[in-house]
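Undergrad: Using this note's numbering, you'd call the opening residue of the sequence shown number -7 and step up by one each time.
Let me begin by handing over the structure; questions about it come next.
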Amino acid sequence: MTLTNWGHLGIYVAVAALGWGIIDQLLALRFGRRTHAALVVLLALVGVGESVGIMQYALITHNFSLAYVAKNNARQTPLLYSITGMWSDLEGSILLWSLFTLFCVAAVTIRYRREVTDAVVRWATLTLMAVSLFFTGLMAGPADPFVFNPDFRRSVGAGPNALLQNNPLVAIHPPLLYLGFVGFSIPFAFAIAMLVTGRVNDRWPLEQRRWIVLAWGSLSVAIVMGSWWSYEVLGWGGFWGWDPVENAALLPWLTATAYIHSIIVQDRRGLFRVWNISLAVTTFALTVLGTFFTRSGVLQSVHAFSSSTLGPILISFFLITVGGALVLIIWRGDRLRSPIGIDEPWSREGLFVVNNILFVGFAIVVLLGTIFPLLYEAVNGGQVTVGTPYFAAVAAPVAVVILLLMGIAPLASWRRVSSTVLWERMRWSAWSAVLVVVVLEITGVRKWLALGAYFLATLASGAAIRTIVASLRAARHRDGMWSALRGPSFGGMVAHLGVVLMALGIVTSSSFTTRHEVPLAPGHSAVVAGQVITFEGFRTFQNSVRHGTQLEVRVNNSVTLWPAVTTFYGRANQIVGTPAIDSNLLRDIYVTFDGVGASSQVSGAQVASNIPANGVLLGVTVEPMLAWLWMGGMLLGIGSVISFFRRRQGEVSA
């Protein structure tokens, strides 16, 4: 058998197993008998796993009998980028997506194996199998990754896109993004199961918080890693451009963040039942919509895949998902209503309502800004873009209020509010925030936006640290450190600290960044934001993958950077600029190779007459504290993992 046949065999086995599993679940629900869910999941995993193995084998060995490999691999492609080639294009990314979806089915099957006869578990498993069948079935039709290449004997491979073999973050960002997207299918499946069975008031809504926290953490880290990747590779010195595909990842993150906070209120007070069910459905639906954006070709983006036939299929799946869930919510509306309400607007649950309005409202703003060009083109036939000013005009005030809520809500009481108690809990962080602003003012910081952000960040970090310390003190006399780590608030407060670090990095870098283009002759220097930049000369390089020219640039006579213009073999010899970065906790120095003098012989570089002979034009960006953004993202991910293992409120530690 050929690799094409082996790959197809795995897909067909998985599709058949999932189809049988769905019928098996329906029969079990109808007649009350046991199911074969574990066997179904095992067969499907073996099938898709075998197909993944075939694809990886073909990529690693540069076997061009698969058209996908010939398109996204070349004989000289290094091992790492041969492996990551599986998610470098449409069909391979669907293969990885299918594998991760089956991991979700397996996780639910294992986690609830002792409750396999519970109707909620059965309906949730059925829903997950249907989702998995949809994505796996795409590979049996329009997204086939195992198409045979009849010209494989003469093929040398086109190679990956240059931007997908220029930084190892390509091995981290896409898989984490897919794990986050796919992980949201578990809360969605249980939401559907609860609506179908009518059991919306027992433990199942709260049980799903663990799963959505884990998916949210994965997506959070993926978004930060994607920003870092963009910063390291694209040469523009920025980390977020409100690109349509970036927005597609942000949308479910926003609604998932709202869900994580509102489910706490349902846990403590029994409120927000309709809202939480709706958020679980909306978050999953937005992942499907994001998949449509990135895999249909309707949006132009540096991140998007080429146009495909999947658009109508994906948008149909999105409409079925949203329409079916809406019908179920209307049907079960009487059971979803909570018999109690919010006592005071400034109680903790009242502040969480504001939190949810902000996150969901901002998600609506981002969605409208993302799809408006499509609507405009459909109605008027022309093209229009929605840029950063539109999104930033809303993002800035939303971020301010969210930081304020992070400083108050964790310390506020449930139900009733005492201003005296609240002030007693937050006075140290409030005075610390005032002190930080006074010190910064004395040292010369005059930008009120930055000073306000530092005040609110200090307030929020103070609330988080106070909550963490209280958990540690309480656990010291009870069950030790493990009990503290599994406390209801510990992981959330760690994530809050991560958000604070990210906010400080974003605000400081955005407020105090210095950018200059500097023409320099060999041996000459320039000073940018107090940093001495010296151009030493050119150096050419060549290997089996690429060739190009590097610049030797000295920073403060202590660090050597090598920005470059690189030509990658394959795909019509793509030319990309490669920035060089000197980074520490205080600042980043970001240097790009922007041009050469007219007498220079550097291929691929922009030539300009105003550059000295044999000289270069350097792009130099000095960004303070940007590394805090990446550290905050990692801390946020750690907090989500801790929250996954948390105790429920009132649970006794073992």
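All C-beta atoms in this analysis are idealised placements derived from N, C-alpha and C, irrespective of residue type, glycine included.
Give me, in chain order, the residues of the same chain whose beta-carbon lies closer than 7 Å to that of S517; leave out the 5 immediate sequence neighbours on both sides.
TA: Here residue 517 is taken as the residue at index 525 of the sequence shown, counted from 1. Contacts found: V524, I525 and T526.
Undergrad: Nearest to V138 by CA position, among M47, G529, R25 and I356, is which residue?
TA: The count along the sequence shown starts at 1 and reaches residue 138 at position 146. According to the sequence shown, residue 138 is Phe rather than Val. Closest option to F138, Cα to Cα, is M47.
Undergrad: Of the choices W234, T53, T189 and T412, whose alpha-carbon is the least far from that of A384?
TA: Within the sequence shown, numbered from 1, the residue matching residue 384 stands at position 392. For the residues W234, T53, T189 and T412, the minimum Cα distance to A384 belongs to W234.
Undergrad: Would you identify the three-state DSSP class for I334, choosing helix, strand or coil?
TA: Locating residue 334 in the sequence shown gives position 342, counting from the first residue. Note: I334 maps to coil in three-state DSSP.
Undergrad: In the region 394 to 480, which residue ranges form an unbroken alpha helix (DSSP H) of at least 4 residues, counting only runs that do not cross its ends?
TA: 411 to 434, 440 to 468 and 473 to 477
Undergrad: Within its chain, find whatever has a CB closer than 7 Å to the CB of D655; leave out the 5 residues flanking it on each side and keep chain order.
TA: As displayed, the chain neither begins before -7 nor continues past 646, which places residue 655 out of reach and without an answer.
Undergrad: Restricting to runs no shorter than 4 residues, where is the alpha helix (DSSP H) found entirely within the region 192 to 265?
TA: 196 to 225 and 236 to 261
Undergrad: Contact between the region 147 to 161 and the region 16 to 23: three or more CB pairs below 8 Å?
TA: no
Undergrad: Tell me the rounded alpha-carbon separation between L306 and L281.
TA: Here residue 306 corresponds to residue number 314 of the sequence shown, with the count starting at 1. Here residue 281 corresponds to residue number 289 of the sequence shown, with the count starting at 1. Answer to the nearest angstrom: the Cα atoms are 8 Å apart.
Undergrad: Under three-state DSSP, which class holds R106?
TA: Translated into positions along the sequence shown, residue 106 becomes position 114. Here R106 sits in helix by DSSP.
Undergrad: List in chain order: all unbroken alpha helix (DSSP H) runs of 4+ residues lying wholly within the region 39 to 91.
TA: 59 to 64 and 71 to 75
Undergrad: Suppose the cutoff is 7 Å on Cβ atoms and the five residues either side in sequence are ignored; what does the same chain contact list for R67 look like?
TA: Residue mapping note: residue 67 aligns to position 75 of the sequence shown, counting from 1. H54, V148 and G149, listed in sequence order.
Undergrad: In the DSSP assignment, what residue or residues form a beta bridge with P511?
TA: In the sequence shown, residue 511 corresponds to position 519, counting from 1. Answer is L609.
Undergrad: Count the other CB atoms within 10 Å of the CB of P179; is the residue buried (16 or more) or exposed (fewer)?
TA: Position 187 of the sequence shown holds residue 179. It is buried - the Cβ of P179 has at least 16 other Cβ atoms within 10 Å.
Undergrad: Work out the CA separation of L427 and W115 for me, nearest whole Å.
TA: The residue you call residue 115 lines up with position 123 of the sequence shown. The residue you call residue 427 lines up with position 435 of the sequence shown. Distance between the alpha carbons of W115 and L427 is about 55 Å.
Undergrad: Less than 8 Å between the C-beta atoms of A181 and T119, yes or no?
TA: Position 189 of the sequence shown, counting from 1, holds the residue named residue 181. Position 127 of the sequence shown, counting from 1, holds the residue named residue 119. In contact: A181 and T119 (Cβ atoms closer than 8 Å).
Undergrad: Is it a yes or a no for the region 447 to 454 touching the region 394 to 406, going by three-plus beta-carbon pairs under 8 Å?
TA: The region 447 to 454, when compared against the region 394 to 406, does touch it at the 8 Å Cβ threshold.
Undergrad: In whole angstroms, what separates the C-alpha of G629 from that of P616?
TA: For the purposes of this step, residue 629 is taken as residue 637 along the sequence shown, with counting starting at 1. For the purposes of this step, residue 616 is taken as residue 624 along the sequence shown, with counting starting at 1. Straight-line Cα distance between these residues: approximately 23 Å.
Undergrad: How many whole angstroms separate the CB atoms of V192 and I252, which I take to be in contact at a CB cut-off of 8 Å?
TA: Residue mapping note: residue 192 aligns to position 200 of the sequence shown, counting from 1. Residue mapping note: residue 252 aligns to position 260 of the sequence shown, counting from 1. No, V192 and I252 are not in contact; Cβ-Cβ is about 19 Å, not under 8 Å.
Undergrad: Could you check the C-alpha separation between M485 and L627 for me, to the nearest Å?
TA: Taking the sequence shown and counting its residues from 1, one reaches residue 485 at position 493. Taking the sequence shown and counting its residues from 1, one reaches residue 627 at position 635. So the two alpha carbons sit approximately 10 Å from each other.
Undergrad: When the Cα of L226 is compared with those of G(-1), L161 and V257, which residue comes out closest?
TA: What you label residue 226 is simply residue 234 of the sequence shown in a count that begins at 1. Among G(-1), L161 and V257, the Cα nearest to that of L226 belongs to L161.
Undergrad: Which residue wins for smallest C-alpha separation from V519, given the options T279, N548 and I102?
TA: Along the sequence shown, one-based indexing puts residue 519 at 527. Ranking T279, N548 and I102 by Cα distance to V519 puts N548 first.
Undergrad: Output yes or no for whether 8 Å exceeds the beta carbon distance between V392 and L343.
TA: On the sequence shown, position 400 is the one that residue 392 refers to. On the sequence shown, position 351 is the one that residue 343 refers to. Not closer than 8 Å, so no.
Undergrad: If you scan the region 105 to 139 from start to end, which runs of the alpha helix (DSSP H) of 4 or more residues do you find wholly inside it?
TA: 111 to 130
Undergrad: Count the CB pairs spanning the region 346 to 365 and the region 407 to 415 that are closer than 8 Å, and state whether there are at least three.
TA: These segments do not touch.
Undergrad: Tell me which same chain residues have a C-beta within less than 7 Å of the C-beta of W196, skipping the five on either side of it?
TA: Sequence index remark: in the sequence shown, residue 196 carries index 204 (1-based). Once the five neighbours on either side are set aside, the close Cβ partners of W196 are V112, F182 and M186.
Undergrad: For the alpha helix (DSSP H) that F173 lies in, which residues bound it at each end?
TA: Position 181 of the sequence shown, counting from 1, holds the residue named residue 173. Counting along the chain, the alpha helix (DSSP H) containing F173 begins and ends at H165 to G175.
Undergrad: Between G379, F364 and I603, which lies nearest to N372 when the distance is taken from Cα to Cα?
TA: Position 380 of the sequence shown, counted from the first residue, corresponds to residue 372. Considering only G379, F364 and I603, the residue with the shortest C-alpha distance to N372 is F364.
Undergrad: Would you list the residues sitting across from G483 in a DSSP beta bridge?
TA: Within the sequence shown, residue 483 is the residue found at index 491, counting from 1. In the DSSP output, where bridge partners are listed per residue, G483 has none listed.
Undergrad: For the beta strand (DSSP E) that S632 lies in, which residues bound it at each end?
TA: Position 640 of the sequence shown, counted from the start, is the residue given in the question as residue 632. Taken as a continuous stretch (DSSP letters only), S632 belongs to no beta strand (DSSP E), being part of the alpha helix (DSSP H) at A619 to F636.
Undergrad: Do V545 and E528 have their beta-carbon atoms positioned less than 8 Å apart in this structure?
TA: Start at 1 with the first residue of the sequence shown, and residue 528 comes out as number 536. Start at 1 with the first residue of the sequence shown, and residue 545 comes out as number 553. Going by C-beta atoms, E528 is nearer than 8 Å to V545.
Undergrad: Within the continuous beta strand (DSSP E) that includes D580, where are the two ends?
TA: As a position in the sequence shown, residue 580 is number 588, starting the count at 1. Run containing D580: R579 to G589, per the beta strand (DSSP E) assignment.
Undergrad: Buried or exposed: G652, going by 16 or more other Cβ atoms within 10 Å of its Cβ?
TA: A query on residue 652 cannot be resolved here, the shown segment of the chain reaching from -7 to 646 and no further.
Undergrad: Quick check on this structure: which residue in L87, F354 and I52 has the alpha carbon closest to the alpha carbon of L71?
TA: Indexing the sequence shown from 1 puts residue 71 at position 79. Of the candidates L87, F354 and I52, the one whose C-alpha sits nearest the C-alpha of L71 is I52.
Undergrad: Looking at C-alpha atoms only, which residue of G483, A122, Q375 and V376 is the closest neighbour of T93?
TA: The sequence position of residue 93 within the sequence shown is 101, counting from 1. Considering only alpha carbons, the answer is A122.
Undergrad: What's the gap between the Cα of S85 and the Cα of A132?
TA: Mapped onto the sequence shown, residue 85 falls at position 93. Mapped onto the sequence shown, residue 132 falls at position 140. Those two C-alpha atoms are separated by around 14 Å.
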